[in-house]
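**Q**
In the UniProt record's numbering, the protein residues as written are 1 to 859.
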């Protein structure tokens, strides 16, 4: 069909739905070579529809000269002539029960593909029964139910199946329809199709017999773990947090035919499914039951159907009318379809093989789009049609009458829909893991403090946790040491120990399979971090680390952001002293700020007790191997721009400059300060890029400093950083630094680390000064025309930074991820802590553990 006059003809362009299909095709084809036309029985009405749609479109798209074809379902020759001129017909003429078959028949006879948006059981089932073989012989694809019925439900299950790690056993899907301030209404065309379809439910056995004779010879195998319809028909669902009703549309029959096709023709395991509608309230659910009862009863009789068709608005409380919805109502509407799949992580070789244990894995797919009946339906229909003609080689069997789930499973339909503002997020629901949390790297100095913090934080909860590392004996030693810290109040002697080694990828994968979240304490992350992140994402396990190595942090976000987001996995980085206080502190300050926050300067002050201060070599080694990365920021920035942050940050008219010279006296802090050279500022910058790109928030400028106790100490640090930085640039220098840390740092770092006394005496204070405006502009690109007029100060105080402070931050961050997952953004991804935890109770959790967050207005 490469020489047809048109690629696409929209048949039924005069109808309410047809206009939205015309609009969608016009928008989609504006930058392509697709040739298309419109057809209908009344030329004047088709012209009127074109004029209406032209008003919706911008001036750059002109459809006034689009070809109009006269075609009438009562004139078979006109339908045949129409079909001869196109590669595919987008059929919008319903009810299909009366007007659909003549078009399907003409398409097959003339070698033209056909897609429709029918939700009528009889038409869909009998078209497949009567024309499957003929269409297959002709190499023609007839794909039914390509609108709101049944792309989200049927094709959604295909998407879920492709992402599921093993055998998918069952899917429950929940449809939620939203409306805006203008309310909601639907055109009578959709209503009439429903009116004439109710009696089809009494003929299901007849349809099944016809399908079995012509298409599906095999009986579906039954799962040993059946999915039952929820009872009663009105129930409260915890999954979607609302009252739900059985979904009475065509989806379940369409999905069932997809599963029969998979089993019969593709030798795949069939999937059970049940559908529901999530109502806005209990009252609206009761009202819907009442309307369905009246509608169902009247639809059983010819006179009742006459009354329903004559007075649709009266019988449906205004939900359906001849006028249909206003443009405003359609534009304000929304659709959310939530699919929850259950199955097994393992995949058996044959569809007839039986699993011997209950399903152990759950996955959730959320599809969000515009108003269902017109905006979403038109997008689905148009992109389904374009997929058929542009990706014909990816459709199964080289022809036939197919449901959308099997027709489009191996195509790029989802990518087309996402470009057209229909989005989908898929993630694991980890309810059946052996452990909630595993601490990986529990033999290290920091790891012991993480064990202690997790033991304290979970002593009165049901959180199940374990420890992991490469040396079981050292893990036992760490548990014994921490038990000494805890005393008799908390017993961790029976904590499960798991052997896992970064040099053995299978052991890391096995560890990840057993937990909902990994607290990764194994560094340097530059060498040992990626294998754990990768295994977490592959196995549907969240990941939290305490890395301060910006090469690891940024390459992880660049390489794994999209795949983690697709899997619904959260990888939250820098959840220790780097960078919870600064990054989450800015988020906290931003939430409390009365208007637009423009900039934040933060000052870090580390205190020590009479016993002095020392840090373990692990932290030092990470710093040693990170210095060279400061000269490789351009490559990291390019990778992030390519895969995560497409937009350039908007610049404020009131920029925040770094204070000079690097060593200066601060009046705010009443002391000598030094530039902070840690990873915080790069982390904070990525948080601001995320806000601007994904949350449409105004970015905040930041600069960080360390407040020293005296001018002499500040000079000493300047000398140390100069020497440290120079030696870190060369392999021999790095060798010497790692070999003799105490010598090169005057005792600040050592292989022995600090004593317990030194750690307990240490303190941390981070002071953040925010400047901005009392007023809040509507868009992040809007510019203030006066200098900032408002200041606020946030002081965060806590224990010694490297160990108890870091352990508190890490553990509370991990608990937040698994206990407040629904409050984290994007339903997955590699995130910085400031954006990950902005809408959670992390600050409250940290305050309960002894940290303080003090907010002050500065006049």
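Cβ atoms here follow ideal geometry from the backbone N, Cα and C, with glycine treated the same way.
I'd like to know if the segment 817-832 and the segment 774-794 are in contact, where contact means that at least 3 CB-CB pairs between them fall below 8 Å.
**A** The segment 817-832 makes no contact with the segment 774-794; the number of CB pairs closer than 8 Å stays below 3.
**Q** Taking only runs of the alpha helix (DSSP H) that begin and end inside the segment 493-528, which ones reach a length of at least 4 residues, in chain order?
**A** 505-513, 525-528
**Q** Are there 16 or more other CB atoms within 10 angstroms of the CB of residue 142, so buried, or fewer, so exposed?
**A** Residue 142 should be labelled buried.
**Q** Mind checking whether residue 176 and residue 336 have CB atoms under 7 Å apart?
**A** yes
**Q** From the DSSP output, which residues share a beta bridge with residue 544?
**A** 519, 572
**Q** Identify every run of the beta strand (DSSP E) within the segment 184-259, keeping only runs that are complete inside it and at least 3 residues long; order them along the chain.
**A** Complete beta strand (DSSP E) runs here, min 3: 234-237, 242-246.
**Q** Quick check: the Cα distance between residue 354 and residue 600, rounded to an integer number of angstroms?
**A** 60 Å
**Q** Any chance the segment 551-559 sits against the segment 754-765, with 3 or more Cβ pairs inside 8 Å?
**A** no
**Q** Am I right that residue 392 and residue 166 are in contact with their C-beta atoms under 8 Å? What's the rounded C-beta distance?
**A** Not really, about 31 Å apart at Cβ, beyond 8 Å.
**Q** Could you give the C-beta distance for residue 853 and residue 577, rounded to a whole number, given that I count them as a contact under 8 Å?
**A** Their Cβ separation, rounded to whole angstroms, is 15 Å, which puts residue 853 and residue 577 out of contact at 8 Å.
**Q** Please determine whether the Cβ atom of residue 219 lies at a distance below 6 Å from any heavy atom of the ligand HEM.
**A** Of the ligands one can find in the structure shown there are none, so the ligand HEM has no counterpart to examine.
**Q** Closer than 8 Å by C-beta to residue 639: which residues in its own chain qualify, once you throw out the five before and the five after it? Chain order, please.
**A** 554, 555, 558, 559
**Q** Can you check whether the CB of residue 83 is closer than 7 Å to the CB of residue 42?
**A** no
**Q** What do you reckon, are the CB atoms on residue 855 and residue 526 nearer than 7 Å?
**A** No, they are not a contact pair.
**Q** Does residue 709 pass the burial test, meaning 16 or more other C-beta atoms within 10 Å, or should it be called exposed?
**A** exposed
**Q** Hey, which unbroken runs of the alpha helix (DSSP H) at 4 residues or more fall wholly within the UniProt domain "Saccharopine dehydrogenase NADP binding" (8-143)?
**A** 16-28, 43-56, 76-84, 96-99, 101-109, 121-138
**Q** Within the chosen definition, does the segment 437-447 reach the segment 514-524 through at least 3 CB pairs nearer than 8 Å?
**A** yes
**Q** Please return the same chain residues whose Cβ sits closer than 7 Å to the Cβ of residue 54, not counting the five positions on each side in sequence.
**A** 63, 64
**Q** Rounded to a whole number of angstroms, what is the C-alpha to C-alpha distance between residue 137 and residue 400?
**A** 8 Å
**Q** Taking the C-alpha atoms as reference points, what is the distance between residue 611 and residue 754?
**A** Distance between the alpha carbons of residue 611 and residue 754: 10 Å.
**Q** For residue 149 and residue 251, which I take to be in contact (beta-carbon distance under 8 Å), what is that distance rounded to the nearest angstrom?
**A** 6 Å
**Q** State the start and end residues of the unbroken beta strand (DSSP E) segment that holds residue 673.
**A** 671-675
**Q** Classify residue 537 as buried or exposed, calling it buried when 16 or more other Cβ atoms lie within 10 Å of its own Cβ.
**A** buried
**Q** From this set, 341, 385, 112, 540, which residue's C-alpha is nearest residue 139's C-alpha?
**A** 112
**Q** Please classify residue 371 as buried or exposed, where buried requires at least 16 neighbouring CB atoms within 10 angstroms.
**A** Residue 371 is buried by the Cβ-count criterion.
**Q** Which residue wins for smallest C-alpha separation from residue 128, given the options 212, 106, 151?
**A** 212
**Q** Can you name the residues that DSSP bridges to residue 783?
**A** Beta-bridge pairing links residue 783 to no other residue.
**Q** For the beta strand (DSSP E) that contains residue 466, what are its first and last residues?
**A** 465-469
**Q** Between residue 411 and the rest of its own chain, which residues show a CB-CB distance below 6 Å, the 5 nearest in sequence each way excluded?
**A** 387, 391, 394
**Q** Pull up the DSSP beta-bridge partners for residue 852, would you.
**A** In DSSP, residue 852 forms a bridge with 797.
**Q** Candidates 513, 56, 7, 722: which alpha carbon is nearest residue 344's?
**A** 513
**Q** Quick check on residue 131: buried or exposed, where buried means 16 or more other Cβ atoms within 10 Å of its Cβ?
**A** By the neighbour-count rule (16 or more Cβ atoms within 10 Å), residue 131 is buried.
**Q** Run through DSSP, which three-state label would residue 288 get?
**A** helix
**Q** Expressed to the nearest angstrom, what Euclidean distance is found between the alpha-carbon atoms of residue 544 and residue 842?
**A** 14 Å
**Q** If you reduce the DSSP assignment to three classes, tell me which class residue 708 lands in.
**A** coil
**Q** What is the rounded straight-line gap between the Cα of residue 498 and the Cα of residue 524?
**A** The straight-line gap separating the alpha-carbon atoms of residue 498 and residue 524 is approximately 21 Å.
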